[in-house]
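So the structure is just underneath, and the comments pick up after that.
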Amino acid sequence: MMSLPRSEFPLLAASPRLVYLDSAATTQKPRVVLDAIRDFYENDNANPHRGAYELSVRATRRYHDARARVAAFLGVRDSDCLIFTRGTTESLNLVASSWGRANVGAGDEIVVTAAEHHANFVPWQQLALERTARLRICELEADGSIDLDRLRTLLGSRTRVVAFPYVSNVLGTIAPVREIVDLAHGVGAIAVCDGAQAAPHLSVCVDDLGVDFFAASGHKMLGPTGIGVLVGRRYLLDAMPPFMTGGDMIEFVEDDHSTWNRLPHKFEAGTPNAAGAVGLAAAADLLQRIGMDAVRTHERGLVNAAYQRLAAIEGVRIYGPAPEHRSGVLSFNVGDVHPHDLATILDSYHVCIRAGHHCAQPLMRRLGVSATARASFYVYNDDADVDALVNGVMAAREMFSRVGA
Ligand code: 7TS
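See the structure below:
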């Protein structure tokens with residue numbers, strides 16, 4: 077069972093023995109994405125929005141067409157409300173900086189969860205410090221899920237923002253987005269959804285989720301690096317000051333003041349990453365062709381098999397919920413073996429996993445560890461990859477039990 081054959085991915089095709097299990101960090105790139113980028117540069121490259129000549133018009137058209145296709149993939153009807161950014165980190169910084177500075181004042185409260193990636197934690201923490209607002213952290217259930225009753229107790233008339241991850245990059249836990257949004261809106265707060273680990277793995281319709289802002293990264297969903305999205309509600313984006321200023325985002329620049337271009341340009345200062353957008357659109361089209369339900373089913377099979385088999389190894393501790401409640405991410409530790417040592421040993425078996433704090437130090441503290449090993453699955457993985465992971469972990473355990481003896 078495989079959603080997409082390895083032969084579609086030049087890097088994987090060139091390294092048949094490589095077992096790539098770090099897709100939560102970044103995904104490998106399919107040929108159609110690489111071809112789309114090359115095709116843009118070879119046939120339509122010019123600076124969008126600037127030239128009056130036919131080539132620039134073509135570049136502009138391709139950039140806009142890319143936006144429409146990515147918007148369709150994410151279930152965003154008003155594609156002007158889909159801003160291209162460098163990725164999730166920039167998208168969330170944009171919201172915290174631009175919306176946050178305009179709307180969060182002294183004594184206001186910002187609610188985040190203990191499951192955040194630093195990209196959806198540090199910008200809010202810094203905003204709170206700057207504004208003498210209060211950052212409140214929603215603690216998690218034992219399995220890492222967000223408890224709505226607990227969240228409810230943190231919300232009140234001073235809550236301005238509820239920020240949360242749709243899917244945890246460490247535990248794979250899937251958040252009850254609509255319920256969180258309802259709670260946030262119930263106290264007049266906005267809901268900011270970090271969708272970096274959701275857009276690549278789940279069928280996401282941003283409009284239906286009801287969130288006020290949604291962020292994702294192209295490189296985690298088969299697209300290139302350096303391109304991502306921020307989707308926002310039009311009335312919020314219209315009212316917000318720009319994030320960066322410069323070319324393309326202005327309407328008029330007078331000597332003493334400026335006025336801003338319409339959406340989405342107001343938030344896309346400077347020459348846009350048109351080739352990146354074209355590549356991301358090709359990735360979105362491909363995922364749409366596979367079908368996100370098929371992607372999810374494929375990953376569930378793999379993560380379930382890996383979970384059962386790793387859990388059966390003595391000394392292995394898996395963090396987070398049961399496999400049926402998680403996306404394709406598995407964080408674990410093996411006895412006292414340091415995750416970095418484990419990753420190094422697995423690498424000697426050509427198995428790539430991530431080890432460390434996964435940019436989620438608040439969560440690591442709550443798990444009582446400084447680091448975990450993490451395997452993450454995607455469309456190009458198959459049962460043989462699970463075998464390689466399990467065999468590698470068993471070999472590492474064996475090696476360390478000998479050293480310890
Ligand atoms: N939010 C989540 C939930 C993430 O998993 C990541 C990246 C980000 C935000 C930031 O995305 P970026 O594209 O702007 O860097 N997560 C990981 C990871 O788990 N391992 O490497 C990067």
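Start counting the sequence shown at 77; every next residue gets the next number (our numbering). For every residue, glycine included, the Cβ atom is placed at its ideal position computed from N, Cα and C.
Self-check item: Closest residue to A209 among G176, L224, D219 and D225 (Cα-Cα distance)
Solution: Counted from its first residue, the sequence shown places residue 209 at position 133. When each option's Cα is compared against that of A209, the closest is G176.
Quiz item: Does ligand 1 have even one heavy atom less than 6 Å from the beta-carbon of H277?
Solution: As a working mapping, residue 277 is identified with position 201 in the sequence shown. Outside the cutoff, so no.
Self-check item: For G181, the three-state DSSP class (helix, strand or coil)
Solution: Residue mapping note: residue 181 aligns to position 105 of the sequence shown, counting from 1. Correct three-state label for G181: coil.
Quiz item: Within 6 Å: the Cβ of N245 and any heavy atom of ligand 1?
Solution: As a position in the sequence shown, residue 245 is number 169, starting the count at 1. Yes - ligand 1 has a heavy atom lying nearer than 6 Å to the Cβ of N245.
Quiz item: Near G232, what residues of its chain come up, given a Cβ to Cβ distance below 8 Å and the 5 sequence neighbours on each side ignored?
Solution: One-based indexing of the sequence shown puts residue 232 at position 156. Scanning its chain for C-beta atoms nearer than 8 Å, with the 5 sequence neighbours on each side dropped, one finds around G232 the residues E185 and V263, in chain order.
Quiz item: Looking only at its own chain, which residues have a Cβ that is under 8 Å from the Cβ of F328, when we skip the five neighbours before and after it?
Solution: In the sequence shown, residue 328 corresponds to position 252, counting from 1. Answer for F328: S334 and T335, listed in chain order.
Practice problem: Under 8 Å Cβ to Cβ from L158, same chain only, skipping five residues before and after it: list those, please. | Solution: For the purposes of this step, residue 158 is taken as residue 82 along the sequence shown, with counting starting at 1. The residues are R143, V146, A147, L150, V152, V305, L306, V307 and P340.
Quiz item: A315 to F343, Cα distance in whole Å?
Solution: Translated into the one-based positions of the sequence shown, residue 315 becomes position 239. Translated into the one-based positions of the sequence shown, residue 343 becomes position 267. One Cα belongs to A315, the other to F343, and the distance between them is close to 12 Å.
Quiz prompt | Within 7 Å, strictly: CB atoms of L422 and G355 | solution = For the purposes of this step, residue 422 is taken as the residue at position 346 of the sequence shown. For the purposes of this step, residue 355 is taken as the residue at position 279 of the sequence shown. It is not a contact, given that the beta carbons lie outside the stated cut-off.
Quiz prompt | DSSP state of I303 mapped onto helix, strand, coil | solution = Here residue 303 corresponds to residue number 227 of the sequence shown, with the count starting at 1. Three-state result, I303: coil.
Exercise. Identify the continuous alpha helix (DSSP H) that holds E375 and give its terminal residues.
Key: Residue numbering aside, residue 375 sits at position 299 when the sequence shown is read from its first letter. Taken as a continuous stretch (DSSP letters only), the alpha helix (DSSP H) holding E375 covers M368 to A387.
Quiz prompt | Length of the line joining the Cα atoms of I222 and Y129 | solution = Here the question's residue 222 lines up with position 146 in the sequence shown. Here the question's residue 129 lines up with position 53 in the sequence shown. Going by the C-alpha atoms only, they are around 53 Å apart.
Quiz prompt | Own chain partners of L386 with C-beta closer than 8 Å, once the 5 adjacent residues on each side are dropped | solution = Walking along the sequence shown from the start, residue 386 turns up at place 310. If we look at L386 and ignore the five residues flanking it on each side, its Cβ neighbours are V392, I394, L406, F408, L465, V466 and V469.
Practice problem: For T189, write down the residues that DSSP places opposite it in a beta bridge. | Solution: Residue mapping note: residue 189 aligns to position 113 of the sequence shown, counting from 1. According to DSSP, which records beta bridges pairwise, T189 is partnered with C214.
Quiz item: For the beta strand (DSSP E) that contains L158, what are its first and last residues?
Solution: As a first step, residue 158 must be located in the sequence shown, where it is residue number 82. Residues L158 to T161.
Quiz item: Can you tell me where the beta strand (DSSP E) with G485 in it begins and where it stops?
Solution: The requested residue 485 is not part of the displayed model; the chain covers only 77 to 481.
Exercise. Could you please give the first and the last residue of the uninterrupted alpha helix (DSSP H) stretch that includes E166?
Key: Stepping through the sequence shown from its first residue, residue 166 is reached at position 90. For E166, the enclosing alpha helix (DSSP H) begins and ends at T164 to L170.
Quiz item: Could you give the distance in angstroms between the alpha-carbon of H426 and the alpha-carbon of L97?
Solution: Against the sequence shown, residue 426 aligns to sequence position 350. Against the sequence shown, residue 97 aligns to sequence position 21. Roughly 10 Å separates the two Cα atoms.
Practice problem: Could you tell me whether the stretch 360–377 touches the stretch 442–461, using the rule of 3 or more Cβ pairs below 8 Å? | Solution: yes
Quiz prompt | DSSP bridge partner residues for V237 (one or two, in chain order) | solution = For the purposes of this step, residue 237 is taken as residue 161 along the sequence shown, with counting starting at 1. According to DSSP, which records beta bridges pairwise, V237 is partnered with I186 and I266.
Quiz prompt | Buried or exposed by the 16-neighbour rule on C-beta atoms within 10 Å, applied to Q364 | solution = Along the sequence shown, read from residue 1 onward, the residue named residue 364 stands at position 288. It is exposed - the Cβ of Q364 has fewer than 16 other Cβ atoms within 10 Å.
Practice problem: Could you tell me the distance, in whole angstroms, from the CA atom of I113 to the CA atom of R93? | Solution: Here residue 113 refers to the residue found at position 37 when the sequence shown is read from its first residue. Here residue 93 refers to the residue found at position 17 when the sequence shown is read from its first residue. Straight-line Cα distance between these residues: approximately 27 Å.
Exercise. Give me the Cα-Cα distance between D463 and G163, rounded to the nearest whole angstrom.
Key: Translated into positions along the sequence shown, residue 463 becomes position 387. Translated into positions along the sequence shown, residue 163 becomes position 87. Roughly 33 Å between the two C-alpha positions.
Quiz item: By DSSP, does V287 sit in helix, in strand, or in coil?
Solution: Here residue 287 refers to the residue found at position 211 when the sequence shown is read from its first residue. It is coil, neither helix nor strand.
Quiz item: Pick from S293, I389, G299 and Y383: whose alpha carbon is nearest that of G396?
Solution: As a first step, residue 396 is located in the sequence shown; it is residue number 320 there, counting from the start. Per the Cα distances, Y383.
Quiz item: Looking only at C-alpha atoms, which of L110, F197 and R138 sits nearest to L439?
Solution: The count along the sequence shown starts at 1 and reaches residue 439 at position 363. Cα-wise, what sits closest to L439 is F197.
Exercise. Determine the DSSP secondary structure at A89, reduced to helix, strand or coil.
Key: Position 13 of the sequence shown, counted from the first residue, corresponds to residue 89. It is helical.
Quiz item: For the putative contact between G323 and A345, defined by C-beta atoms under 8 Å, what is the C-beta separation to the nearest angstrom?
Solution: For the purposes of this step, residue 323 is identified with residue 247 of the sequence shown, where counting begins at 1. For the purposes of this step, residue 345 is identified with residue 269 of the sequence shown, where counting begins at 1. Going by Cβ atoms, the distance from G323 to A345 rounds to 7 Å, so yes, they are a contact pair.
Practice problem: Could you tell me how far apart the beta carbons of K296 and T103 are, in whole angstroms, since I believe they sit closer than 8 Å? | Solution: To locate residue 296, count along the sequence shown from 1; it is residue 220. To locate residue 103, count along the sequence shown from 1; it is residue 27. Their Cβ separation, rounded to whole angstroms, is 6 Å, which keeps K296 and T103 in contact under 8 Å.
Quiz item: Is it right to say L131 is buried, meaning 16 or more other beta carbons lie within 10 angstroms of its own, or is it exposed?
Solution: Counted from its first residue, the sequence shown places residue 131 at position 55. Sixteen is the threshold: since fewer than 16 other Cβ atoms of the shown chains lie within 10 Å of the Cβ of L131, the residue is exposed.
Quiz item: Hey, would you say the C-beta of P241 is under 6 Å away from at least one heavy atom of ligand 1?
Solution: Translated into positions along the sequence shown, residue 241 becomes position 165. For P241, the shortest C-beta to heavy atom distance toward ligand 1 is below 6 Å.
Quiz item: Considering only the beta carbon of each residue, do T235 and A265 sit closer than 7 Å?
Solution: By 1-based counting over the sequence shown, the position of residue 235 is 159. By 1-based counting over the sequence shown, the position of residue 265 is 189. Cβ distance < 7 Å, so T235 and A265 count as in contact.
Quiz item: From Q202, R134, L87 and L170, pick the residue whose C-alpha is nearest to that of T321; which is it?
Solution: In the sequence shown, counting from the first residue as 1, residue 321 sits at position 245. The candidate whose alpha carbon is nearest that of T321 is L170.
Quiz item: Does DSSP classify R107 as helix, strand or coil?
Solution: Counted from its first residue, the sequence shown places residue 107 at position 31. Three-state result, R107: helix.
Self-check item: Backbone CA spacing between A90 and G127 [nearest angstrom]
Solution: The residue labelled residue 90 in the question sits at position 14 within the sequence shown. The residue labelled residue 127 in the question sits at position 51 within the sequence shown. Approximately 40 Å, taken between the alpha carbons.
Exercise. With a threshold of 16 other CB atoms inside 10 Å of the CB of S424, please say whether the residue is buried or exposed.
Key: Here residue 424 corresponds to residue number 348 of the sequence shown, with the count starting at 1. Exposed, because fewer than 16 other Cβ atoms sit within 10 Å of the Cβ of S424.
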